[in-house]
Amino acid sequence: MVRDKTVTQPDAESKTVSCNNLRFSYGKELVFDSFSCDFGAGITLIKGYSGCGKSTLLKLIAGYLSPKRGSVKLPLPWKKPTKKFQREGLGFVFQQLNLLPLANLSSNLNLVASLAGMSGRATRERRDFLFDRLGLSELKRKKPSNLSGGQQQRAAVARALMKNPPILLLDEPTSGLDDTNTEVIKNILSDELSEECTCIVSSHDHRLEEIANEIVDFNRRLPVERHFEEMA
Amino acid sequence: MRSLILIAVYLSKDISKRWLETPGAVLARVSIAISLCLLFLLMQAGFILAEHAIERKIESFGINSMILRTSPPGSGALRPELSTLFEPLAEEGLYFPFSSLFSLAELSNGEKVRVVVYGEDALPALSEMIDGFDQLQADAFLLAYGYPESLIERVRLGDNFFDSVVVYPPPVLRFVTLSKPVLFIPASKFHAIGQKGMQESLFYVSDEPGKLEQVIESMEAVLEEEGFQRYNLTSPVQWVGELKELKQTRIKAQALGGAFVGLLVILIFGSIAVFEYRQNIFATALFKSFGLSSFHLAVRYLMESLLLLGLAFYCAIELAELIHEFVFALAGFDSELVTLAFVNPYLLSDQRVLLGILGVAGFVSVLPVFLGLCKPVGKSLG
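As they're listed, the protein sequences go chains A and B. Here the first sequence stands for residues -15 to 216, where the numbers follow our numbering. Here the second sequence stands for residues 94 to 475, where the numbers follow our numbering.
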C-alpha cells in the first residue's frame, strides 16, 4: 500500500497531472490509501517492486480504473480522465497486448489517429515518420502476429506517440527487450516528446533512468519488513 | 466518421475471422434458429389453415343456415313430426323438411347415392332453391355435379327404378348434398314403393342475419320438450364459435411458442456470445482504451446476433414454403387449401411476431456482453 505525496513541479502547474488523496483496492487488497502525487512535464520514471501499484497508478491517471476515493486532475482542457481525453490526449503503452491482432501496423496507428480526429494527411505523415524512426517502415503492412516481441513493442510506442499526446503513460515499455530495441525506444522518447508532454514511465528497467527527468521510487515508501517479504 | 468506418471494418473482420475459424459455432446458431423458426412457422401455418378451412366451410354452407337430423323414435314412442313441429319457421326463412333414407340408390354407372324424400311442405323451398323446379317433368330429380343438366338418369332403389332428371346442385343445398350426388324423390312416389327406415331432417336458412343462434336455442328447447332423445343440429353458428376459439388458441400458442423460441435463442446465442467475448476480451479492452465507447463495441455483438437470426429467419421462411404443401397435405388438409397460391401464411407482413421475438431475443442474448463491456479497461488489460 502506498501513501503520501512525493513529486511536485510547481513551476509547471498548468501542465501538471495531480493525484489527490487516491484510494484504490482490488477487492480487499488495498493498493493506494490517501495517495497524492503531482507529475509535471518531462519524463518521470516510477520504480518499485512488483505489485506496489505502478501500473495501477498509470491506469488511474488514464481513467482505465476508477479510484474508490480521491481524484486525478489533468491539465486543461481535460481536467479529468474522460473518453475524449483517452481519444485525443492520451498515449498509453500496456505491458502486453498493445496491438489489435487483425489489423496491420498501419491500420493500428490509423485507427488511433482517426479516433483522435487527425486528418488523413497528418496521419500519413506522422505514421510514416514514426515508422521510420522506429525502424518499422518495412513492416507496416504486417499483422502483429508476424512481428517479434521487440517489433511489437516499438509499434506500441509508435501507436502511443501517433497523436503526439500531451500525456504519455508507458507501462514497462522495455521489459524483455534487448539493448537495441530499448535504445530505439529511449531515443524516440528523449527526442520526440514535446516540452509540454507529461510522460510517466513505470519500469524496473535501469536502462531507462538516464532519460528520466524525475524518478519516483515507490520502494522508499515500503516498510523494511515488506521489502523482505517481497524478496522472499 | 472515418474512425467509425475503420472500426466497423475491423469489427467486421473480427466477425468474419471468427466465423471462418469456428464455422461450427455459426452453423450451430443458424441451424438451431432455423429449426426453431421453422417449428414456429409451421405451427402458425397449421392454425391459419385450420381457420381458413372453417371459414371456407362457413362461407360454403352459409352463415344463416342449419340442418337438424333426428333418429327414428324407439318402438311405441310417440312424437310429432319435425315438418309440423317447426312449420312456423317457414315464415321467417327457407324451410325445407325432408327425410333421408337409410338405404342407398344406385346410378346406371353403379355409383351409390343417398336418397332424400320430400313432402308437399318442402315444395316452396325447393322452388326457391332450384331454378325451374316447377317445370321438372320426371319421377324424381338427381342433384349431381359433373352430369349434363336435364339428362334423364335411371336410378334403381331396391327393386324400383326412377327416371330422374339431373339438376345442378344449388350452393345453398350443400348442407344437404354434402357435395355428393343425391336422389330427391317426392313422398307421394316414395310411399308407393313401401320402403322403410328414414331419418327425419330439416334444413333451414334464416332470412334475418344473426337470428339463427336464437332460433337454434329455441329449437333445442322444443326438441327437449317434445322428447327427441337423439338429434343432431349442425350450423355454421357453431363453427363461428370454433373459429373464435381457434383464433384464441392460436394467440396462446404463438405466445408460448414465441417464448420457447425466444428463450432457446437467448440461451444459445447468449452462451456463444459470452464465450466469444471472453476470447476477444483483450482486443475489446484495447479498443476501449483508445476512448471508444462500450456501445460501439456492443453493437458488434448485437449486429452479429441479429445478422445470424435474420439469416435463420429467411432460411426458415424459404424452407417452410418448400415443405408447406407436403407437410399439410400429409396432415390431412384439403389439397386446394394447402397451396401457397390459396393462402400463404409465410408472408413477411404476417411474421412481425416472430421477427419481434427474434429481435428481442437477439438483444437479450448480448446483454451479458454489454455487462462485460462495463468492466474497466484496467482490469482487463495488464
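Ideal Cβ positions, reconstructed from N, Cα and C, are used throughout, including at glycine.
Cβ shell of residue i (< 8 Å), same chain only, five flanking positions each side left out
i	result
B:P165	G290, M291, Q292, E293
B:L134	A409, I410, A413, P438, Y439, Q444, L447
A:Q136	N82, L83, P128
B:I127	A405, C408, A409, L412
A:S39	Q79, D155, E156, S186
A:S159	Q79, S187, H188, D189
A:T28	V(-9), T182, C183, I184, V185, A196, N197, E198, I199, V200
A:A97	A106, T107, R110, R111, M146, K147
Simplified DSSP assignment, three categories, for residue i
i	result
B:M396	helix
A:S186	strand
B:L235	strand
A:T66	coil
B:A424	coil
B:E174	coil
A:D163	helix
B:E429	coil
B:E246	strand
A:L14	strand
B:V459	coil
A:Y33	coil
B:V253	Per the sequence shown, the amino acid found at residue 253 of chain B is Asn instead of Val. Looking at B:N253 - three-state DSSP - the assignment turns out to be strand.
B:E477	Past the edges of chain B, shown from 94 to 475, lies residue 477 of chain B, and the structure says nothing about it.
B:F179	coil
B:P264	helix
B:A198	strand
A:C21	strand
B:F383	coil
B:F321	coil
A:S129	helix
B:F435	coil
A:A(-4)	Any reading at A:A(-4) must be qualified, since the residue scores a pLDDT of 46, below 50, and its modelled position is unreliable; the value itself is stated next. Reduced to three states, the DSSP call for A:A(-4) is helix.
C-beta contact flag for residue i and residue j at 8 Å
i	j	result
A:V77	A:P157	yes
A:K(-1)	A:P59	yes
B:P264	B:L236	no
B:Y297	B:L187	yes
A:H188	A:K31	yes
A:K63	A:S90	no
B:F426	B:A146	yes
B:A231	B:S257	yes
A:V15	A:G37	yes
B:F277	B:R172	no
B:A280	B:F255	no
A:R117	A:N94	no
B:I151	B:V436	no
A:N92	A:A139	yes
A:G26	A:L152	no
B:D224	B:P190	no
B:R122	B:I361	yes
Which residues DSSP lists as bridging residue i, in chain order
i	result
B:P190	B:L295
A:L152	A:G75, A:C183
A:G26	A:T182
A:K57	A:S2
B:T327	B:I160
B:V258	B:F234, B:I245
A:F8	A:F16
Start and end residues, alpha helix (DSSP H) containing residue i
i	result
B:L135	116 to 154
B:E310	305 to 318
A:V96	89 to 99
B:G471	470 to 473
A:I195	Per DSSP, A:I195 belongs to no alpha helix (DSSP H) and is neither H nor E.
B:M486	In the structure as shown, chain B begins at 94 and stops at 475. Residue 486 of chain B is therefore absent and cannot be evaluated.
A:Q136	133 to 145
B:F226	Premise fails: B:F226 is in no alpha helix (DSSP H) and is neither H nor E.
Neighbourhood of residue i by C-beta, 7 Å cutoff - its chain only, sequence neighbours within 5 removed
i	result
B:L451	V358, L402, F406
B:T327	M159, I160
B:R249	A198, E199
B:V457	I359
B:L336	E144, I147, E148
B:V259	L235, A237, Y240, P241, E242, S243, L244, E246
Residue span of the beta strand (DSSP E) that contains residue i, given as start and end
i	result
B:K205	205 to 211
B:S158	158 to 163
A:E198	198 to 201
B:I278	275 to 279
Any chain E beta carbon closer than 8 Å to residue i
i	result
B:G471	The structure shown contains no chain E; its protein chains are A and B.
Same chain only: Cβ atoms within 6 Å of residue i, ignoring 5 sequence neighbours per side
i	result
B:G455	S398, L399, L402
B:V119	W112
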